[in-house]
Amino acid sequence: MSAAYLLRQALDQLAQDFPDLKGCVLVEISTGMVWHAAGGNENIAVLSEAASDYWRLCGRLELPFAELGELQACVFLHKNGRITMMQCGQDMFLLTLSIHHAPVDWAAWQKRTHAIAKMVNEL
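Residues 5 to 127 (the numbering used here) are what the sequence shown spells out, left to right.
The following block contains the structure:
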């Protein structure tokens with residue numbers, strides 16, 4: 005099996021294993037291009053392309069935050085949902101959409117995200 009297929013399978017499995025997630029998307033930071041979307045939200049690819057602007061904006065504004073170190077994750081809480089983005093390999097982030105107060109095991113999610121990041125970096 006190809007590395008790209010295994011990466012897609014890992015993202016699909018992440019969406020299946022965390023039922024409180026409404027979708028997961030692997031996004032290229034520099035372009036906003038969606039590599040793969042998984043989960044039940046039909047609009048997740050469009051949301052992730054727009055959310056990539058959030059990530060790039062944080063990158064452009066890094067100087068005032070320099071004392072805090074490199075950006076690792078962003079969380080945006082909206083009235084009807086939560087967008088969580090985490091660096092996931094070279095020039096990639098993983099976006100997850102969930103209900104605002106969903107009982108997601110974020111520590112387990114982060115562990116899985118790190119495994120996906122390793123796969124990204126091996127491509």
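Virtual Cβ for every residue (Gly too), placed ideally from N, Cα, C. From a predicted model like this one, the values you see are computed outputs, not experimental measurements.
Asked	Found
The stretch 40-55 / the stretch 112-120 touching (three or more Cβ pairs under 8 Å)	no
contact_flag[the stretch 30-50, the stretch 95-115] where n(CB pairs < 8 Å) is 3 or more	yes
Whole-angstrom distance between L61 and G36, CA atom to CA atom	12 Å
Buried versus exposed call for Q94 [16 or more other C-beta atoms within 10 Å across all chains shown]	exposed
Classification of A19 by the beta-carbon crowding that lies within 10 angstroms, buried from 16 upward	buried
For A77: DSSP bridge partner residues	M90
In DSSP terms, what C62 is bridged to	Per DSSP, none; premise fails for C62.
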